[in-house]
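**Student:** Line by line, the protein sequences are chains B and Y.
If you use my numbering, the first sequence corresponds to residues -10 to 276, in order.
If you use my numbering, the second sequence corresponds to residues 536 to 856, in order.
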Amino acid sequence: MTEHAAPTPLADEQVLDRRNARKRLPAKFSIGIFILCAYVLLGALAPMLLPFDPDQSNILRRLQSPSTTHWLGTDQLGRDFLVRLVVAIRVDLPVAFLAAFFPMVIGTVIGAVAGYFGRLPDMIVSRAADLVQAFPVYVFLLVLVFALGSGATSFIIAATAIAWVGYARLTRGEVMRLRSMEFVAAARVSGLPELRILATHVMPNALPQTLIYFMSDIVLMVLVLSSLSFLGVGIQPPTAEWGRMISEGQPFLHSHWRLAVLPGLMLMIFGIALSLIADGLDDWYRS
Amino acid sequence: MTRILNIENLRVDLAARGKLVSPVGPVDLFLDSGECLGIVGESGSGKSLTLKAILDLLPDGLSRGTGTQQVVEGGILVERAPRDLRGRKISLISQEPGTALDPLMRVGDLIAEIVREHSGCSRAESQSRAVELLRRVGVPDPENRAKFWPHEMSGGLKQRVVISMALACESEILLCDEPTTALDVTIQAQIVDLLRELQRLEGLGILFVTHDLALVRQIANRICVMYAGLIVESGPSAEIFANPKHPYTRALLAALPDIEASTGDLMPIEGTPPGPAEFPPGCRFAPRCPLADGQCLSKRPMLEALGTGVRVACFKSEKGP
């Protein structure tokens, strides 16, 4: 670059900028992360810490009360209840995560293309989304899981086929809003190629919303997974899964309430943790 | 002075049901190197749309109807499509520096990205060039401020960053869409000074759109007055301010408060400007014009040269007081 005669620089006292302190994430976010980490650690270390096989039944020891051997007693098939509660983390967490993750990736890409390019891509995506949303979620999910066969994989596939719509709509709206912002026009004026503008200027600004939605979507997916398992089409026995455990514990609600209530509590606390994370992120992003 | 931009027959169309409505044009414009052309007019006169139409950056629903533009390349004027001009020959500086910078990128990276796009140089080199560009637009301590996020900067500094992004493109023409409206008066003066210095030092041609007559008097060598999507008068700035020919220009200047003449009352212009759907068939100013007669209402006056370098679109201009 050639040497340019520089215009008069501003004197320091004429400059009215300031570097503000980095915004801190709210406490609820930290609490949520703490609980989530506890779940993940428990799930990861469970087989090493607990001496019982979660699937090994022993009719002779069925429905025992909590004792020093079985801290939370045993269930109707004589399996250690604590082990099953904790081992279920290894099923519920990853399955729910993936059932929210794949729709996020697919829906975000689809929504971004629809929102940014508009016209025909937008029309195709919007009509496809209408089509999916025309069915009640649970009915559609049940039909899909039924057709694909029970199990984690088919649940994830079915969830992806339905849940992408939420991400696509969210991203489409965000991208459409951002597309008309001055800085996108500024990037165009600067001669940057369209796809680069979408990738480096539009998407980073749209993603925080998606991430917040993703967090609450995981909660939803855990609940949906449990519901389907409760109804008998999700995770199949003998695998430990909270929804399944609630369903199996239901007949014993009067005599052994812990069998149905504790898995529900595990679900609830997990849901609260992720909601705290999502809410904390949202507050932080908006402030 | 060489001609660096020549725009002919530029028209902006509005997609309306079956009916062609043109909020702007047809408009002809030209710009010489090192010159600042001021486009003035009320809100809705189409001045900003004209600017956006040059780069085909019109908002949804509006489109470029007709128009050609020639830019200078290797000493001769050649015709180029709007998209090929973006960030190469022509850059745009917008009204709102606050939203013109991507909030998720440090300003140095924003500038460096454009430098890389245009020169293909390495990351490290583009960063040092970004710092150099910030220095060129008068940002003090540019090494440090290149690491700032847009929200950490004041409006004036942000506008300087926007200008440095335009310089990063090595454009010869700067389109300024009311670049100082969002800034307070002292900062406004700083930015205007900067633009003038860049115009003088680097030979930039500037197209400056504003509704601020006092500002345009300061910065522009030439002026185009727009009314209802058309240019009604153009010519050297001094000449137009001293001796306005078009009744609209005269009325506009009469409505300007003057700190020296303490005669009290300002002269308002009666009525409101027409919207694009109800442009009158004849002279568009005729319904509000004190001099209008039957000819003005039925026939559209064309821009005609008056000898002093002024061009005016009015049947009555020579007979006026």
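Ideal Cβ positions, reconstructed from N, Cα and C, are used throughout, including at glycine.
Identify whether residue 743 (chain Y) lies in helix, strand or coil by the three-state DSSP scheme.
**Tutor:** Residue 743 (chain Y) falls in the strand class under three-state DSSP.
**Student:** Measure how close the beta-carbons of residue 754 (chain Y) and residue 845 (chain Y) come, nearest whole angstrom, since I'm counting them as under 8 angstroms.
**Tutor:** Going by Cβ atoms, the distance from residue 754 (chain Y) to residue 845 (chain Y) rounds to 19 angstroms, so no, they are not a contact pair.
**Student:** Using C-beta distances below 6 angstroms, list every residue in its chain close to residue 551 (chain Y), excluding the 5 sequence neighbours before and after it, in chain order.
**Tutor:** Residues of the same chain with a CB within less than 6 angstroms of the CB of residue 551 (chain Y), apart from the 5 flanking positions on each side, do not exist.
**Student:** Grouping DSSP H, G and I as helix and E and B as strand, with all else coil, what is residue 704 (chain Y)?
**Tutor:** DSSP places residue 704 (chain Y) in the coil class of the three-state scheme, outside both helix and strand.
**Student:** From what residue to what residue does the alpha helix (DSSP H) around residue 122 (chain B) run?
**Tutor:** 108 to 122
**Student:** What's the C-alpha gap between residue 537 (chain Y) and residue 623 (chain Y)?
**Tutor:** 18 angstroms
**Student:** What is the residue span of the beta strand (DSSP E) that residue 598 (chain Y) lies within?
**Tutor:** Judged by DSSP secondary structure, residue 598 (chain Y) falls within the beta strand (DSSP E) whose first and last residues are 597 to 608.
**Student:** By Cβ distance below 8 angstroms, which residues in the same chain neighbour residue 275 (chain B) in space, the five residues on each side in sequence not counted?
**Tutor:** none
**Student:** Name the two residues that bound the continuous alpha helix (DSSP H) containing residue 772 (chain Y).
**Tutor:** Where residue 772 (chain Y) is concerned, the enclosing alpha helix (DSSP H) stretches over 772 to 777.
**Student:** How many Å lie between residue 770 (chain Y) and residue 734 (chain Y) at the Cα?
**Tutor:** 19 angstroms
**Student:** Using only the alpha-carbon positions, how far apart do residue 193 (chain B) and residue 645 (chain Y) sit?
**Tutor:** 14 angstroms
**Student:** Would you check if there are 3 or more beta carbon pairs closer than 8 angstroms linking the stretch 728 to 745 of chain Y to the stretch 570 to 589 of chain Y?
**Tutor:** yes
**Student:** For a contact meaning CB atoms closer than 8 angstroms, what does residue 162 (chain B) contact in chain Y?
**Tutor:** Chain Y residues near residue 162 (chain B): none, gap ~15 angstroms exceeds 8 angstroms.
**Student:** Between residue 634 (chain Y) and chain B, is the shortest Cβ-Cβ distance under 8 angstroms, so that the two count as touching?
**Tutor:** yes
**Student:** Suppose only complete runs of 4+ residues qualify. What are the alpha helix (DSSP H) ranges in the stretch 146 to 181 of chain B, listed by chain order?
**Tutor:** Counting only unbroken stretches of 4 or more residues, the alpha helix (DSSP H) elements lying wholly within the stretch 146 to 181 of chain B are 171 to 178, in sequence order.
**Student:** Between which two residues does the beta strand (DSSP E) harbouring residue 542 (chain Y) extend?
**Tutor:** It spans 538 to 550 - the beta strand (DSSP E) in which residue 542 (chain Y) sits, taken as one unbroken run.
**Student:** With a threshold of 16 other CB atoms inside 10 Å of the CB of residue 119 (chain B), please say whether the residue is buried or exposed.
**Tutor:** exposed
**Student:** Taking the alpha carbon of residue 74 (chain B) as the reference point, which residue from B:264, B:14, B:258, B:234 has its own alpha carbon closest?
**Tutor:** B:234
**Student:** Buried or exposed for residue 116 (chain B), going by 16 or more other Cβ atoms inside 10 Å?
**Tutor:** exposed
**Student:** So, with DSSP's three-state summary, where would you put residue 577 (chain Y)?
**Tutor:** coil
**Student:** Would you say residue 270 (chain B) reaches chain Y, if we count a Cβ-Cβ gap shorter than 8 angstroms as a contact?
**Tutor:** no
**Student:** May I ask you to report which of helix, strand or coil DSSP gives residue 763 (chain Y)?
**Tutor:** coil
**Student:** Three-state secondary structure (DSSP) at residue 847 (chain Y)?
**Tutor:** strand
**Student:** Alpha carbon to alpha carbon, how far is residue 832 (chain Y) from residue 539 (chain Y)? Give it in angstroms, no decimals.
**Tutor:** 37 angstroms
**Student:** Flag this pair as touching only if the stretch 175 to 183 of chain B and the stretch 50 to 59 of chain B have three or more C-beta atom pairs under 8 angstroms; answer yes or no.
**Tutor:** no
**Student:** Going by the DSSP bridge assignment, what does residue 63 (chain B) pair with across the sheet?
**Tutor:** B:69
**Student:** Under 6 angstroms Cβ to Cβ from residue 633 (chain Y), same chain only, skipping five residues before and after it: list those, please.
**Tutor:** none
**Student:** List, in order along the chain, the chain B residues whose C-beta lies closer than 8 angstroms to that of residue 700 (chain Y)?
**Tutor:** Residues of chain B passing the Cβ test: 175, 179.
**Student:** If the cut is a Cβ gap below 7 angstroms, which residues of chain Y does residue 193 (chain B) touch?
**Tutor:** 639
**Student:** Please classify residue 613 (chain Y): is it buried, with 16 or more other beta-carbons within 10 angstroms of its beta-carbon, or exposed?
**Tutor:** In the assembly as shown, residue 613 (chain Y) is an exposed residue. Its beta-carbon has fewer than 16 other beta-carbons within 10 Å.
**Student:** Hey, does residue 41 (chain B) have any beta-carbon neighbour from chain Y nearer than 8 angstroms?
**Tutor:** no
**Student:** If I follow the unbroken beta strand (DSSP E) through residue 625 (chain Y), where does it start and stop?
**Tutor:** Residue 625 (chain Y) -> beta strand (DSSP E) spans 625 to 628.
**Student:** Can you tell me where the alpha helix (DSSP H) holding residue 129 (chain B) begins and where it ends?
**Tutor:** 126 to 137
**Student:** List the whole-angstrom C-beta distance separating residue 231 (chain B) from residue 81 (chain B), where the pair is believed to meet the contact cut-off of C-beta under 8 angstroms.
**Tutor:** 6 angstroms
**Student:** From the DSSP secondary-structure annotation, give me the bridge partner or partners of residue 565 (chain Y).
**Tutor:** Y:541, per the DSSP bridge assignment.
**Student:** Is the distance from the Cβ of residue 672 (chain Y) to the Cβ of residue 680 (chain Y) below 8 angstroms?
**Tutor:** no
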